[in-house]
């Protein structure tokens, strides 16, 4: 299935049904009072996160969605039934914005999360509501409200623990094939990867993490050059970046140090927050470097780049060094998960009724 990570759609909630103006008509009741019922409420438009979906292709071709209108009220004090809601299922990680105002409506970051994106109109009132001691036979009724209409921009940011960065042909797809069950296309020309790939990496003790591979970046990507710019947003939800560098390029004019610096500069220009994420250096294709000079060459490269974080030397092709890399990544992911879990628990305790009561007791005057 083709991958789509953006879509624009129009949604319209249902209009409310109109109220009814009618009067009771029965045998031996020549002047029955008002008995017009209310109109039904219009249906809502609801977005739901579904972990079984991984692309927005369903919204690429069908772009208009309308909920059901509420039924009109009827005589004999009969109320119209409410219009049926329409449920839009979207991949987990979808961000919904109002296209006209750029307002953030929802971030579907959890499976099953439901968000109201367009509210149905209220039903009109029947004339039964307008009777009084002065006006015993009101002919007034109200029309149903219009349902909310919106133009929405859908943007999918894939949910992954770790993201891969690198120039085209740095070996990102080879690495993800080597350490996971994902099988992205691999070839000896640039831009083999045209869309993000996700792979689940299983490590020891039945643990795993999700790795995202995006199309390679080139100089000028922050201004839209190449393919990487539009996919950089998929790295926003990761908590670790692996910067993959080709240490043995086939092109004699290629300079690994210059390419690595270019990647860092493009990352900084695109988003300072993304640039500030934890980033590890992964030096690939060490199997093509003379073993006698390998260690010195790698150390000189890291020093020249000025990288101060962890770094690893691997060969994605033969798997050398990949196990140590995966173990270190898994340990980092576990630490981050534990930290986030502790923060959520602390926040939940702080918001609990018991904590609020304790705070109130502590602020009472002596």
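In our numbering, the protein residues as written are 1 to 366.
Don't be surprised by glycine CBs; every beta carbon is placed ideally from N, CA and C.
This structure is a prediction, so every number in the text was calculated from the model and none was measured.
According to DSSP, which residues form a beta bridge with residue 91? In the chain shown, the residue the question calls residue 91 occupies position 91. Its beta-bridge partners are 50.
Where in the segment 279–333 do unbroken runs of the beta strand (DSSP E), each at least 3 residues long, occur, reported from the N-terminal end onward? 279–284 and 311–313
Where does residue 79 land, buried or exposed, given buried means 16+ other C-beta within 10 angstroms? Taking the first residue of the chain shown as 1, we reach residue 79 at position 79. Burial call: buried.
Buried or exposed: which applies to residue 19, given that a residue is buried once 16 or more other Cβ atoms fall within 10 Å of its Cβ? Indexing the chain shown from 1 puts residue 19 at position 19. By the neighbour-count rule (16 or more Cβ atoms within 10 Å), residue 19 is buried.
Are the Cβ atoms of residue 309 and residue 281 separated by less than 8 angstroms? Position 309 of the chain shown holds residue 309. Position 281 of the chain shown holds residue 281. Yes.
So, does the segment 111–131 touch the segment 25–41, judging by three or more C-beta pairs under 8 angstroms? yes
Close beta carbons around residue 53, own chain, < 7 angstroms, minus the five adjacent residues each side: The residue given as residue 53 occupies position 53 in the chain shown. These residues qualify, in order along the chain: 89, 90 and 91.
If you drop the 5 nearest sequence neighbours on each side, which residues of the same chain put their C-beta closer than 7 angstroms to that of residue 330? Numbered from 1 along the chain shown, position 330 holds the residue referred to as residue 330. Cβ within range, chain order: 203, 207 and 209.
Just to confirm, is the Cβ distance from residue 126 to residue 37 under 8 angstroms? In the chain shown, residue 126 corresponds to position 126, counting from 1. In the chain shown, residue 37 corresponds to position 37, counting from 1. Their beta carbons are under 8 angstroms apart, which means residue 126 touches residue 37 by this criterion.
Please go through the same chain and pick out, in chain order, the residues whose beta-carbon is closer than 6 angstroms to the beta-carbon of residue 436, but skip the five residues on each side of it. No information on residue 436 is available, as it lies outside the stretch 1 to 366 that the chain covers here.
Please identify the residue among 243, 279 and 33 whose C-alpha is closest to the C-alpha of residue 134. Here residue 134 corresponds to residue number 134 of the chain shown, with the count starting at 1. Of 243, 279 and 33, the residue nearest in Cα terms is 33.
Buried versus exposed, by CB contacts within 10 Å (16 or more), residue 350: Start at 1 with the first residue of the chain shown, and residue 350 comes out as number 350. Burial call: exposed.
Three-state secondary structure (DSSP) of residue 111: Against the chain shown, residue 111 aligns to sequence position 111. The answer is coil: DSSP assigns residue 111 none of H, G, I, E or B.
State the beta-bridge partners of residue 149 as determined by DSSP. As a position in the chain shown, residue 149 is number 149, starting the count at 1. The partner list for residue 149 (beta bridge, DSSP) reads 12.
Do the CB positions of residue 279 and residue 234 come within less than 8 angstroms of each other? Here residue 279 corresponds to residue number 279 of the chain shown, with the count starting at 1. Here residue 234 corresponds to residue number 234 of the chain shown, with the count starting at 1. The answer is no: Cβ separation not under 8 angstroms.
Status (buried if at least 16 other CB within 10 Å, exposed otherwise) for residue 111: The residue given as residue 111 occupies position 111 in the chain shown. It counts as exposed.
Please list, in chain order, all residues of the same chain as residue 77 whose beta carbon is under 8 angstroms from its beta carbon, the five residues on each side excluded. Along the chain shown, read from residue 1 onward, the residue named residue 77 stands at position 77. Around residue 77: 35, 36, 37, 126 and 128.
Please look up how many angstroms separate the CB atoms of residue 239 and residue 300, rounded, as I've assumed it's under 8 angstroms. Working through the chain shown from its first residue, we reach residue 239 at position 239. Working through the chain shown from its first residue, we reach residue 300 at position 300. Not confirmed; about 30 angstroms, so no contact.
Simplified DSSP state of residue 127, which is helix, strand or coil: In the chain shown, the residue the question calls residue 127 occupies position 127. Residue 127 falls in the helix class under three-state DSSP.
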